[in-house]
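Protein chains in written order, with the numbering used here: chain A, 1 to 314; chain B, 315 to 585; chain C, 586 to 856; chain D, 857 to 1111; chain E, 1112 to 1366. Each remark here refers to the structure printed beneath this line.
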Amino acid sequence: AAADKITVGALRFTSHAPSFVAFEKGYFTDEGLEVEFKFFQAAQPMAVAIASGDVDFGVTAISGGLINLADKGAIKVIGGALQEEPGIDGQIILVSKAAYDEGVTSPAKLKGRSFGITQAGSSFHYMASKIAEKEGFSTSDMKLVSLQKVGAIIGALKSGQVDSWSIVPHIAKALAKGPAVVQIGMVADYIPDYQVTTVFTSTENAETKPDLVKRFLAAFSKGADDFNAALVDKTAGEEGATAMVELIHKYVYADRPIEKAGPSIRNGAMRVNKGAALNLTNVTDQLNWFKSEGLVKDSITIETLVNTDYVETF
Amino acid sequence: MSDETVGNQITGKPVPYRGGGFLPKSRKIVAPIVFILIIAFWEWGCRTGFISPLILPAPSEAFDAFMNLVNSGLLWQHLAASLQRLLIGWFSGTMLGIIVGTLIGLFSIARSGLQPLVSAIFPIPKIALLPLFIIWFGIGEGSKVATILFGTFFPTVIATYGGIDNVDRGLIRMGQSFGLTRMSIIRKIILPGALPAILSGARISAAIAIILLVAAEMIAAEYGIGAYILIAGSLMATDQLITGVAILSCIGLIFAWIIGKAEKYFLKWRA
Amino acid sequence: MSDETVGNQITGKPVPYRGGGFLPKSRKIVAPIVFILIIAFWEWGCRTGFISPLILPAPSEAFDAFMNLVNSGLLWQHLAASLQRLLIGWFSGTMLGIIVGTLIGLFSIARSGLQPLVSAIFPIPKIALLPLFIIWFGIGEGSKVATILFGTFFPTVIATYGGIDNVDRGLIRMGQSFGLTRMSIIRKIILPGALPAILSGARISAAIAIILLVAAEMIAAEYGIGAYILIAGSLMATDQLITGVAILSCIGLIFAWIIGKAEKYFLKWRA
Amino acid sequence: MDLSLRHITHRYDEVEVLRDINLDIEQGQIVCIIGPSGCGKSTLLRMIGGLERPASGEVLQLGEPPADCLNPLTYIFQDFALLPWRTVEGNISLVLENHPLDAAAREEIIADVLARTKLSDFRKAYPRQLSGGMKQRVAIARALSVRPAVLLMDEPLSALDSQTRELLMDDLVDLWEKENYTAAYVTHNLAEAVRLGHKIVVLSRRPGEIRDIVEIDMPLSARTTENAELEAIQKRLWNLMRDEARAADMELLDE
Amino acid sequence: MDLSLRHITHRYDEVEVLRDINLDIEQGQIVCIIGPSGCGKSTLLRMIGGLERPASGEVLQLGEPPADCLNPLTYIFQDFALLPWRTVEGNISLVLENHPLDAAAREEIIADVLARTKLSDFRKAYPRQLSGGMKQRVAIARALSVRPAVLLMDEPLSALDSQTRELLMDDLVDLWEKENYTAAYVTHNLAEAVRLGHKIVVLSRRPGEIRDIVEIDMPLSARTTENAELEAIQKRLWNLMRDEARAADMELLDE
Ligand SMILES: Nc1ncnc2c1ncn2[C@@H]1O[C@H](COP(=O)(O)OP(=O)(O)OP(=O)(O)O)[C@@H](O)[C@H]1O
Ligand SMILES: Nc1ncnc2c1ncn2[C@@H]1O[C@H](COP(=O)(O)OP(=O)(O)OP(=O)(O)O)[C@@H](O)[C@H]1O
Ligand SMILES: [Mg+2]
Ligand SMILES: [Mg+2]
């Protein structure tokens, strides 16, 4: 039979590598899927695009927008992707040099400080809350500054206009190398099992095309395995890692020479769950947090958000 | 005269009417009816599922969101924050614009040097410059006000010097012929003569200010209608989105109404 | 006559000159000089560290970024994508706007029903509606073109019916008095008479289209000058940001120049 | 073809503008209508041409217009009403395009009327290139091109400077000598009225009523500038109108 | 105070507009300047008032203006040049505000000139509320308020309809009878020129040169409408100008 055509939404980030690997290595083709990528600038429009049916599958962090779209019956989370894991470089907590000099040398000192987020209900907002909770103060003790875009936060952090931020390692490490930004902690220490990104699809796909979804997840998992092996567990040797970086470089930082892009790609490698397993415990925690912040309706249940038919959950 | 008239009466036929028309009148009552019909249809569409909630929330839901805003008291906080930014940004942009526009309108040096600069900078989308604005003006009120100021400054400059260029040169010559000083001519003839153009520039810059409010409040705004819309957008809370947009629309209408009043007052000498 | 003149010559004094002025002329050469000076100062400021690289990249860096864009061949891809969106969106928005504006200008029903709707929707910031646009028009070219179309439609409508309202009623009565048909009057008198206003509306809507390009390309655009600016902004690559903005500026100037040419051609009958 | 106005009365909203006007315009006659500002002269002329409908009363066409007549009742306007985006010939062809004429016939008419108004050299000129007098000549050429039965002229000379007015008045007289056109001619200018009118209708202030109708039998060609009889008529008309003209001038235009 | 124009020549870029004009304007005289369109009449008047500088030649003031004179050379413009955003009194006070007068003195002047031009009832009216004739009266009042030594009038009546023109001409004559003002009066209208001018200067087509200067000794009050002598002069002037007027009219205005 002819291959099923599907559209996969992606950002040009290392965290989307499993899809790229599956595509490049022909895992999608093996599953009888003809994949077309649609690239986005931000996760939010990707979620909307899945809701509107323009895109079939996507990978992104759980956000308020995503939950509300799920509540409108448009999308479902069907699997897990990026996962914080102690021991592997995960998201990093940064402060500006100015704040560091004023004594903000550990996350515990963030009380009363400003923290950059893109928007209310973004993953940054969640991380800030969790850090505050664990350090024993409340979110409102920090001044959350929404700047819409990662770039704007970087600018604000460098120029000392926001004190702190947390971000994926490849960006964090590059920033911490400069003079204006200092690393003070790891997100993994606060949310050890943080399910950073999830795989999701339209409710229609999840409920009426289980076969298609299964085939996608199978290919995606194979890609994830290769990626973990090459860059996270480093079991494929330096050669494997180099080959993987070259593969990913086709999609990520394509406009920069590989000598420059390579380290960023390696830095950005975080574990992608095997078999796209989903940390339901953490996802439930995230959902509850959204509810407690009043960002989504209290009536939304985890079943509205997640379809657990496809992957292992824990 | 009348004899002849009577005699010919039988052969006469009236001159055919061929005038009138081409003066469309807008009937005041139609507009509210159209609005009500549209909203009713929209509500009906949402209730029957003809319009999916994904595409548009029902007007009643948007109204609920609005009432939430009112009841929580947040509406006033959002409004206060936005209005403050709008007024400060718009007022200072307009004032600066009038000053620079007047210079361009009066002096060859200013015209030669500044006019091309204004034409070159005017069309730059302010939203593209937001990252730079954050660095230049910080993430406090500064960059928000600056965004609005920037957006309103240029159209005001252009309206002002356009207005001055269009002041009847005959009136200026009249002033000179009566020995009025240069300052008197500027104050009493040129500026009042440019006022209609300046006010219609203010109308445009007020609309631009409101449009830029959303962009301005992308920068670290906790409160503000623009911020409310952005959060609603990022949460895909379309009911709140529609509410926010409707509030902006109302602010726009109110601004336009105020400027209309100002025009009526200042330009009462016009036909 | 001359005798008397000669006799009085001693007591005569010339009439004092009190005319002239108030006609600022812009000298063509000044503008390029000002531009060059500004860029030279900016470059100098960046080189000496007087302007920190965080605040603004040097013009030479922006130029390097531009050359990178040219050499990588990406410039043409970005330009092609953006120009296509601009042209399709602007063209269809303008055409629809002219049609609807003409209806409002000619028919009482259209005027009563549509005009208030247009006034209410016009000031809504399109950027606030982006999330809805994605749902309504998808993430392909549809929503990008729709954003630009939406932005250019309303000002064109307003310019068109304003132009039609301002067509000299005397000319229309003249047409009627010579027994011209309604269609002839519309085609030969009203539309040509509204053309100057429509063209100046096109000037404005072209500027708006370029501004909205950035917003439109926020939606899942891989290529396009707006997308390039957005990526640059999100990476805080200010050199690329400035390059992108400069390219938009140039597109704006080229559009304005084309419309200027069109005005010269179509309105050659004007003084 | 004659025209007959019967009991014409008109009001705009509350304002009565014309009251019970009865008037005949006979073939081959120029009827001048004079009266103070705002008395309804233009309104009356619009009614004669079918551009406005009287509140009551009627305007009748008595007899048929000549068969070759394309537009029996044809105006010449004070402000010329030329399309600025058409050349001289374009402005004339505008009013012919609606009629079933082939291109050659149209071209012939255009060439003919341009020649009669001595405009042949200005065929391709745009209105902005022409002086006021030339523009009005174009409007006259346009009016002649549709072979009117009656010319309706609303202060056709009052936008011109007085020397040009003098020249055009001569042209209108010459034209009448040759063609004996019928016309209703509205003017403020008594000198024009006594120069051109076979019949001079004097209207009162608003609401306009007919105060007097003066008939002048002297042939147009005999009415040169130094003419005691005409001077006397003009003086009489001026005495009739002076106070009303002053009062009309002193009125506030709104409020 | 007399004025004397000596060898005035002027050109705009390549176009020579005036050529060697020599003219005296004597105290208490009205000098009318007539000539075809575009011959440079307005340019000449602007030079007399110091609003434009001749390319060569000079305009001299002979003798001192009266001591109480606020603005010796004062214009009345064809288009009235009233500020539409000021009322009648505001338009007059505009030209007084620059002079060291206290409020009472200013008020007295305004009341006086309004009374002299019969405008006292229209003090608070805006220009848009006034007819053309009234507007020009306001402009005359404004001119009188600065107690001019010489009035410079550029076709002051040509924007008015002919009845209003008639009325205002009477007013100007009355005013002259009372005040004996000095004036340079540009017009196209030969009837006006022979009615008002003590001296009529006829200019040729561009470049404007003086073709003739006609002096009329008859006192203004004696010049009624029926006057064979004036008619004769007017006719003579018209013959002098007719061909040039026609030629000026037939010129294309640009290209
Ligand atoms: N369309 C209209 N609606 C209301 N009032 C009108 C309209 N047209 C004319 N009028 C009024 O009717 C009166 C007569 O107007 P009309 O133009 O016929 O006068 P006129 O005698 O031609 O004046 P003029 O000598 O100034 O040309 C005026 O008072 C005018 O204000
Ligand atoms: N500022 C100027 N620049 C260039 N040319 C000018 C200027 N002012 C007037 N002219 C030209 O100079 C000539 C004389 O102009 P002017 O206005 O003095 O004539 P005029 O005799 O007053 O004409 P009219 O009878 O039409 O009022 C005209 O050909 C005019 O085009
Ligand atoms: Mg009239
Ligand atoms: Mg002149």
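Glycine residues also receive a C-beta, built at the ideal position from the N, C-alpha and C atoms. Keep in mind the model is a prediction, meaning the values are calculated, not measured.
What is the DSSP secondary structure of residue i, counted as helix, strand or coil?
i: A1236(E); result: coil
i: A395(B); result: helix
i: I804(C); result: coil
i: M1158(E); result: helix
i: G786(C); result: helix
i: S1115(E); result: strand
i: I1141(E); result: strand
i: S96(A); result: strand
i: V871(D); result: strand
Answer yes or no: does any C-beta atom of chain D fall closer than 9 Å to that of residue i?
i: A1236(E); result: yes
i: Y579(B); result: no
i: F1188(E); result: no
i: G484(B); result: no
Taking 7 Å as the limit between beta carbons, can you name the residues of its chain near residue i, skipping five residues before and five after?
i: L410(B); result: F467
i: I712(C); result: A800
i: S396(B); result: L527, G538, I539, G540
CB-CB under 6 Å to residue i, same chain, minus the five flanking residues each way: which ones, in chain order?
i: A1166(E); result: T1120, H1121, R1122
i: K5(A); result: E34
For residue i, decide whether its Cβ has a neighbour in chain B, counting only Cβ atoms nearer than 9 Å.
i: R902(D); result: yes
i: K130(A); result: no
i: A1053(E); result: What is shown of chain E runs 1112 to 1366, which leaves residue 1053(E) out entirely.
i: V296(A); result: yes
i: S611(C); result: yes
i: A156(A); result: yes
i: R909(D); result: yes
i: L918(D); result: yes
i: E1208(E); result: yes
Round the Cβ separation of residue i and residue j to the nearest angstrom and send it over; I've been treating them as touching at under 8 Å.
i: V1042(D); j: K897(D); result: 5 Å
i: I1159(E); j: A1294(E); result: Wrong, their Cβ atoms sit about 11 Å apart, outside the cutoff.
i: I843(C); j: A49(A); result: Not really, about 34 Å apart at Cβ, beyond 8 Å.
i: W165(A); j: G116(A); result: 4 Å
i: A261(A); j: H249(A); result: 5 Å
Counting only beta-carbon atoms, is residue i nearer than 9 Å to chain E?
i: W941(D); result: no
With a threshold of 9 Å between beta carbons, is residue i in contact with chain A?
i: I719(C); result: yes
Comparing the C-beta of residue i with each C-beta of chain C, is any distance below 9 Å?
i: I343(A); result: The first residue shown for chain A is 1 and the last is 314, placing residue 343(A) beyond what the model contains.
i: Q1140(E); result: no
Is residue i near ligand 5, in the sense that its beta carbon is under 8 Å from a heavy atom of that ligand?
i: D1105(D); result: In the structure shown, ligand 5 is absent; the only ligands present are ligand 1, ligand 2, ligand 3 and ligand 4.
Once the 5 residues before and after residue i are set aside, which same chain residues still bring their CB inside 8 Å of it?
i: P1195(E); result: Y1237, P1238, R1239
Under a CB-based cut-off of 9 Å, is residue i close to chain H?
i: S697(C); result: This model lacks chain H altogether, as its protein chains are A, B, C, D and E.
(request) Kindly provide the ranges of any alpha helix (DSSP H) runs that are 4 or more residues long and lie completely inside the segment 182 to 258 of chain A, ordered along the chain. (result) The alpha helix (DSSP H) runs of length 4 or more contained entirely in the segment 182 to 258 of chain A are, from start to end of the chain, 203 to 208, 210 to 227, 237 to 249.
(message) Threshold first: 3 residues or longer. Then list the beta strand (DSSP E) segments lying entirely within the segment 1064 to 1097 of chain D, N to C.
(response) Uninterrupted beta strand (DSSP E) stretches at least 3 residues long and entirely within the segment 1064 to 1097 of chain D occur at 1066 to 1071, given in chain order.
(request) Only counting runs of 3 or more residues, tell me where the beta strand (DSSP E) segments fall wholly within the segment 106 to 192 of chain A, in order along the chain. (result) Within the segment 106 to 192 of chain A, the complete beta strand (DSSP E) runs of at least 3 residues are 114 to 117, 143 to 146, 164 to 167, 181 to 186.
(request) Only counting runs of 3 or more residues, tell me where the beta strand (DSSP E) segments fall wholly within the segment 1146 to 1234 of chain E, in order along the chain. (result) Annotation: the segment 1146 to 1234 of chain E contains the following complete segments of the beta strand (DSSP E) (minimum length 3 residues), in chain order: 1167 to 1173, 1184 to 1187.
(request) Can you check the segment 1239 to 1282 of chain E for any beta strand (DSSP E) of at least 3 residues that lies completely inside it and give the ranges in chain order? (result) For the segment 1239 to 1282 of chain E, whole beta strand (DSSP E) runs of length 3 or above, ordered along the chain, are 1261 to 1265.
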